[in-house]
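A quick write-up on the structure given underneath.
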DNA sequence: CTCTTTTAAATCGTGCGCAAGGTAATCGTC
DNA sequence: GACGATTACCTTGCGCACGATTTAAAAGAG
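Protein chains in written order, with the numbering used here: chain A, -3 to 165; chain B, -3 to 165.
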């Protein structure tokens, strides 16, 4: 009489007994995907009040993180760094341009590519953002080792999963 | 001459030297938030082709996971389980109702609450979903221990962070 | 040089996610 | 039983995400 798969100490067997081998729990709280989804949204809403003061949304903040590292970047490079679609990036960048934080201009020697550069205002915002990572890290309440290990695992997971989806694309 | 904070072996010090104590890296790839955000989206797009065959989106799948566990649920309970707003849930449930997978009806003894129940079609969909967790788990490429540990950490992170945001609400 | 293919970006439509504001039912207090 | 407060849900508006389609520029083939 099989119960649930190993490693998922749940009550699924009570309501849906005799799960065949090779199948895992369908309980919401057993899913890694839900843990990720919930954590990602929780962290985003932790950022929200902080970023509100800078007049930024969370994805806009990520764009600025990328631009503070390396300015005058082709949109294609932002697409790679953030793993976002042009359909997401183009309007996002337009809003940041409208806010006066960056400029978009076609590259002279290749009119296909658009280069994104920070304005003075965009550069200046970095000073106000410096305290953010420490505040967020504090709220997460993980010790250094757990923080690093989890971040490394998430990156590996992303890499594995991305390779898989692109193999089918 | 301070370099970057401990645990972040990055090149930030080169471009922005002398980061004061108590401040952490602003490099995109050093952020836990970005690792989470990227992983969550990557996993969602891993689900997409699978869920397409069931005619579901990813949040719709999560709702069904919750309903397969416990049917005839008040929307309030789904809100708690999925940690989603009514503004997200109401239209989402309406689309699932339009697809014939569930029914929504007011509770007789308290006309404020709406109870959600699966149709035969919604219940039947569970059979076709059984193979999903194993397929996803395989693509993630984490061994059992790392999987469990990361899931546990993410849940704790979510709990910590949620408590923080609610304390200010 | 012409024609095809590829590439970088933009556009459009759909479905979340969430804040803000609104409504109706119920509860609590008198 | 009147009435202000609370509760459960709905609606609206905005900003992502992402697939699908389109456009224009550049690269490559013959």
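Just so you know, even glycine gets a beta-carbon here, dropped at the ideal spot from N, CA and C.
Computed from a predicted structure; not experimentally measured.
Between residue 117 of chain B and residue 97 of chain B, the C-beta spacing is below 8 Å. For the region 140 to 161 of chain A, the set of residues with a beta-carbon nearer than 7 Å to any beta-carbon of chain B comprises 140, 142, 143, 144, 146, 147, 149, 150, 151, 153, 154, 156, 157, 158, 160 and 161, in chain order. When DSSP states are grouped into helix, strand and coil, residue 116 of chain B belongs to the helix group. Note that the region 35 to 45 of chain A does not touch the region 138 to 148 of chain B; fewer than 3 beta-carbon pairs, one per stretch, sit closer than 8 Å. For residue 157 of chain A, the closest of B:18, B:20, B:44 and B:28 by C-alpha to C-alpha distance is B:44. Judged by their CB atoms, residue 61 of chain B and residue 24 of chain A are nearer to each other than the 8 Å cut-off. Under DSSP, residue 110 of chain A shares a beta bridge with A:102. By the neighbour-count criterion, in which 16 or more other beta carbons inside 10 Å mark a residue as buried, residue 26 of chain B falls on the buried side. Residue burial is scored here from C-beta neighbours: residue 82 of chain A has fewer than 16 other C-beta atoms within 10 angstroms and is therefore classed as exposed.
The residues 53, 54 and 57, in chain order, have a CB closer than 7 Å to that of residue 47 of chain B in the same chain once the five nearest residues on each side in sequence are set aside. Taking 8 Å as the threshold, the shortest C-beta distance from residue 75 of chain A to chain B does not fall below it. Not a single C-beta of chain A is nearer than 8 Å to the C-beta of residue 98 of chain B. For the region 53 to 87 of chain A, the set of positions with a beta-carbon nearer than 7 Å to some beta-carbon of chain B reads 58, 61, 62, 64, 65, 77 and 79 in chain order. Not one beta carbon of chain A lies nearer than 8 Å to the beta carbon of residue 120 of chain B.
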